[in-house]
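Asks:
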Amino acid sequence: MSAKLAAGAKVDAAPQTLRKRCRHPDLDLTIWERQAKESLQIKMSACDVTYKELSRRLGEIGIDENPDQLNRKVNRGKFSAAFYLTCLAALGVTTIDVPRYRRAGQADVKT
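Numbering-wise, the sequence shown is residues 17 to 127 according to the numbering used here.
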């Protein structure tokens with residue numbers, strides 16, 4: 017999603033829009049961004065895939081990102097769910113573990 021500026025330029029408004037939709041005051045999306053970043057890095061390491069190799073694999077499915085761009089994007093932790101899932105598919109990952117959401121100060125509940 018993007019918002020138009022007076023000069024016709026566009027700026028990405030998704031993070032702000034998502035934060036506005038989050039009604040819980042304790043919800044900090046940076047925790048989830050860090051989880052996604054670390055999850056992707058762990059999957060890359062487990063598959064013994066470098067950013068150069070991931071770039072090549074993404075190129076095979078029509079996504080052109082050079083290794084330096086990938087490195088910066090992943091290390092920032094600011095990427096879409098579609099990008100995340102595409103990278104996992106390129107790595108050959110078929111399952112992921114999703115951490116349980118806990119409110120600040122809430123103890124883990126075992127199920």
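Each residue gets a CB set at the ideal place from its N, CA and C atoms; glycine is no exception. Quick caveat, the model's predicted, so the values are computed rather than measured.
1) Among 105, 66, 48, 51, whose alpha-carbon lies nearest the alpha-carbon of residue 79?
2) Per DSSP, what kind of secondary structure is residue 63 in: helix, strand or coil?
3) Can you tell me whether residue 117 is buried or exposed, with buried defined as 16 or more other CB within 10 angstroms of its CB?
4) What does the Cβ neighbour count give for residue 114, buried or exposed, with the cut at 16 atoms within 10 Å?
5) Near residue 66, which residues of its chain fall below 8 Å by C-beta distance, leaving aside the five closest residues on each side in sequence?
6) To test your reading of the DSSP string, which unbroken beta strand (DSSP E) runs of 3 or more residues are found completely within the region 68–120?
7) Just mark residue 71 as buried or exposed, buried being the case when its beta carbon has 16 or more other beta carbons within 10 Å.
8) Mind checking whether residue 57 and residue 109 have CB atoms under 9 Å apart?
Replies: So, from the listed chains and residues:
1) By 1-based counting over the sequence shown, the position of residue 79 is 63. The residue with the shortest Cα to Cα distance from residue 79 is 105.
2) Indexing the sequence shown from 1 puts residue 63 at position 47. The answer is coil: DSSP assigns residue 63 none of H, G, I, E or B.
3) The count along the sequence shown starts at 1 and reaches residue 117 at position 101. Per the 10 Å Cβ criterion, exposed.
4) Stepping through the sequence shown from its first residue, residue 114 is reached at position 98. With fewer than 16 other beta carbons inside 10 angstroms of its own, residue 114 counts as exposed.
5) Translated into positions along the sequence shown, residue 66 becomes position 50. In chain order, 60, 83 place their CB closer than 8 Å to the CB of residue 66, counting only its own chain and leaving out the 5 sequence neighbours on each side.
6) none
7) Position 55 of the sequence shown, counted from the first residue, corresponds to residue 71. Buried.
8) Residue numbering aside, residue 57 sits at position 41 when the sequence shown is read from its first letter. Residue numbering aside, residue 109 sits at position 93 when the sequence shown is read from its first letter. Cβ distance not < 9 Å, so residue 57 and residue 109 don't count as in contact.
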